[in-house]
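Asker: Residue 1 is where the sequence shown starts when you use the UniProt record's numbering, and the numbers rise one by one after that.
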Amino acid sequence: MSVGPPVGLGTPLSVCETGRDLLDRLAVDQRVRGGRLISILSYSPIRRGLVQRKRDKILTYHVGHRAAAALIQATGISRRPPCTRCTRANGPWEQCVVVQTNEALQATKGACANCHWNNQGGECSFRTSHSGRAAVPLGSLGHPPTSLMETFSAVHRWEEQMVEFGMPGVAARVKTHARMTAPELVIRHAEIREELNMAQAALQHLLEVLQHLGSEMSEVTMLLSLGRVFDSSREAATASSADVVSPGAPGSLGSSATDTDDHERR
């Protein structure tokens with residue numbers, strides 16, 4: 001049995017960049033990683049931490065459906081409103097999350113991570129709706145396609161061209177978004193706007209810090225310049241005083257007085 005600590009919001013994404021990194025962090029046994037769904041999600045990027053409803057509860061990942069549920073929760077997209085079972089606080093995590101790729105959808109049938117955790121994916125309301133949509137013939141009046149991929153069949157040909165041009169990353173991102181349903185696209189759009197707002201706030205803070213540092217640098221430069229001017233003036237004054245009061249020097253006041261006394265005696 002392998003026991004893994006819960007991964008919360010405080011876990012840096014750099015620690016768990018992909019699903020495989022998350023499995024390593026959760027100490028999931030290699031024998032559990034052979035499932036088809038786990039193999040699919042092992043290469044997906046991590047989108048969120050595993051935020052539990054009960055933070056003090058330690059979760060175990062020694063069976064395949066639990067490890068797969070953790071991958072769904074960390075790599076999938078959040079559904080709002082949640083499924084009926086998540087509404088009743090079913091499962092260990094706060095958010096109701098489902099997978100977004102077509103291959104993973106075929107493996108989960110649309111069930112969320114919380115339902116998958118208890119090996120009750122068949123009771124998830126999203127799985128029921130996904131099965132119902134899958135049975136509808138494409139092009140039927142009143143039943144729109146389940147994803148943009150089914151609407152734009154040319155995406156696959158475009159993807160092949162992008163791979164030929166040496167740009168597989170662009171094709172992969174477009175393909176992922178094309179497989180998303182309309183509600184999922186709305187949710188993703190809101191998430192992107194939130195990320196952009198956070199990035200803009202961070203940039204504004206950085207600009208303020210740089211402006212403050214620039215002001216401090218100007219003050220330090222001015223103080224250094226004044227210090228150099230003061231030192232130069234002091235050195236000049238010291239040199240001038242030394243020339244005036246030096247005793248016995250040629251042309252000094254003492255020598256002039258002695259010459260005058262000698263002249264009067266004569």
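Just so it is clear, CB atoms sit at the ideal spot from N, CA and C, and this is done for glycine as well.
Can you list, in chain order, the residues of its chain with a C-beta nearer than 6 Å to that of G91? Leave out the 5 residues immediately preceding and following it.
Answerer: Residue 91 sits at position 91 when you count from the first residue of the sequence shown. N114 and W117.
Asker: Consult DSSP for Q200 and reduce its assignment to one of helix, strand or coil.
Answerer: The residue given as residue 200 occupies position 200 in the sequence shown. In this structure, Q200 counts as helix in the three-state DSSP scheme.
Asker: Note down, one range per segment and in chain order, each alpha helix (DSSP H) of at least 4 residues found wholly within the stretch 32 to 60.
Answerer: Those alpha helix (DSSP H) runs which fall completely within the stretch 32 to 60 and span 4+ residues are 36 to 41.
Asker: Could you tell me which of H65, L71 and Q120 sits nearest to T84, measuring between CA atoms?
Answerer: Indexing the sequence shown from 1 puts residue 84 at position 84. Nearest of H65, L71 and Q120 to T84, Cα basis: Q120.
Asker: Name the residue from P81, W93 and M198 whose alpha carbon lies nearest to the alpha carbon of R53.
Answerer: As a working mapping, residue 53 is identified with position 53 in the sequence shown. When only C-alpha atoms are compared, the closest one is W93.
Asker: Output the distance between the C-alpha atoms of S218 and T101, rounded to the nearest integer angstrom.
Answerer: Here residue 218 corresponds to residue number 218 of the sequence shown, with the count starting at 1. Here residue 101 corresponds to residue number 101 of the sequence shown, with the count starting at 1. Cα to Cα, S218 sits roughly 54 Å from T101.
Asker: Roughly how many angstroms lie between the CA atoms of I192 and L22, to the nearest whole one?
Answerer: Within the sequence shown, residue 192 is the residue found at index 192, counting from 1. Within the sequence shown, residue 22 is the residue found at index 22, counting from 1. Those two C-alpha atoms are separated by around 23 Å.
Asker: Could you spell out the range, first to last residue, of the alpha helix (DSSP H) harbouring A67?
Answerer: Locating residue 67 in the sequence shown gives position 67, counting from the first residue. First-last of the alpha helix (DSSP H) with A67: G64 to T75.
Asker: What is the DSSP secondary structure of V97, reduced to helix, strand or coil?
Answerer: Taking the first residue of the sequence shown as position 1, residue 97 is located at position 97. DSSP places V97 in strand when its eight states are reduced to three.
Asker: Count the other CB atoms within 10 Å of the CB of P82; is the residue buried (16 or more) or exposed (fewer)?
Answerer: Position 82 of the sequence shown, counted from the start, is the residue given in the question as residue 82. By the neighbour-count rule (16 or more Cβ atoms within 10 Å), P82 is buried.
Asker: To the nearest angstrom, how far is the alpha carbon of R48 from that of G227?
Answerer: For the purposes of this step, residue 48 is taken as residue 48 along the sequence shown, with counting starting at 1. For the purposes of this step, residue 227 is taken as residue 227 along the sequence shown, with counting starting at 1. Going from the Cα of R48 to the Cα of G227 covers about 54 Å.
Asker: Let me confirm a value: F165 is counted as buried when at least 16 other C-beta atoms fall within 10 Å, else exposed. Which label applies?
Answerer: By 1-based counting over the sequence shown, the position of residue 165 is 165. With a pLDDT of only 48 at F165, under the threshold of 50, the placement of this residue in the model should not be trusted, and no figure is reported.
Asker: Using a Cβ-Cβ cutoff of less than 8 Å, which residues in the same chain neighbour T18 once the five nearest sequence positions on both sides are dropped?
Answerer: As a position in the sequence shown, residue 18 is number 18, starting the count at 1. The residues are S42, Y43, S44, P45 and I46.
Asker: Could you tell me which residues DSSP pairs with T18 in its beta bridges?
Answerer: Position 18 of the sequence shown, counting from 1, holds the residue named residue 18. DSSP lists P45 as partners of T18.
Asker: Hey, A70 and R33: beta-carbon distance below 9 Å or not?
Answerer: Locating residue 70 in the sequence shown gives position 70, counting from the first residue. Locating residue 33 in the sequence shown gives position 33, counting from the first residue. Their beta carbons are not under 9 Å apart, which means A70 does not touch R33 by this criterion.
Asker: In whole angstroms, what separates the C-alpha of L59 from that of V98?
Answerer: Here residue 59 corresponds to residue number 59 of the sequence shown, with the count starting at 1. Here residue 98 corresponds to residue number 98 of the sequence shown, with the count starting at 1. Distance between the alpha carbons of L59 and V98 is about 20 Å.
Asker: Any idea what DSSP makes of F165, helix, strand or coil?
Answerer: Taking the sequence shown and counting its residues from 1, the one referred to as residue 165 is at position 165. Its pLDDT being 48, under 50, F165 is placed unreliably in this model, and the coordinates cannot settle the point.
Asker: Going by the C-beta, is L185 closer than 8 Å to any heavy atom of the ligand SAH?
Answerer: Questions concerning the ligand SAH fall outside what the structure shown contains, since it holds no ligand whatsoever.
Asker: Answer with buried or exposed for R127, where buried requires no fewer than 16 other C-beta atoms within 10 angstroms of its C-beta.
Answerer: As a first step, residue 127 is located in the sequence shown; it is residue number 127 there, counting from the start. Looking at its Cβ environment, which holds 16 or more other Cβ atoms inside 10 Å, R127 is buried.
Asker: From what residue to what residue does the alpha helix (DSSP H) around Q106 run?
Answerer: The count along the sequence shown starts at 1 and reaches residue 106 at position 106. Where Q106 is concerned, the enclosing alpha helix (DSSP H) stretches over N102 to T108.
Asker: DSSP has S78 in a bridge; who is on the other side?
Answerer: As a position in the sequence shown, residue 78 is number 78, starting the count at 1. V97.
Asker: Could you tell me how far apart the beta carbons of A107 and L37 are, in whole angstroms, since I believe they sit closer than 8 Å?
Answerer: Looking up residue 107 in the sequence shown gives position 107. Looking up residue 37 in the sequence shown gives position 37. Right, their Cβ atoms sit about 4 Å apart.
Asker: Just to confirm the assignment, what range does the alpha helix (DSSP H) spanning C86 have?
Answerer: For the purposes of this step, residue 86 is taken as the residue at position 86 of the sequence shown. That run of the alpha helix (DSSP H) goes T84 to T87.
Asker: Just to check my reading of the structure: R188 and I77 have Cβ atoms closer than 8 Å, yes? What is that Cβ distance to the nearest angstrom?
Answerer: Here residue 188 is taken as the residue at index 188 of the sequence shown, counted from 1. Here residue 77 is taken as the residue at index 77 of the sequence shown, counted from 1. Their Cβ separation, rounded to whole angstroms, is 6 Å, which keeps R188 and I77 in contact under 8 Å.
Asker: Here's a check: name, in chain order, each residue in its chain whose Cβ is nearer than 7 Å to the Cβ of Q73, leaving out the five neighbours to either side.
Answerer: By 1-based counting over the sequence shown, the position of residue 73 is 73. The answer, listed in chain order, is L50, W93, V97 and A113.
Asker: Considering only the beta carbon of each residue, do Y61 and A104 sit closer than 9 Å?
Answerer: Residue numbering aside, residue 61 sits at position 61 when the sequence shown is read from its first letter. Residue numbering aside, residue 104 sits at position 104 when the sequence shown is read from its first letter. No, Cβ-Cβ distance for Y61 and A104 is not below 9 Å.
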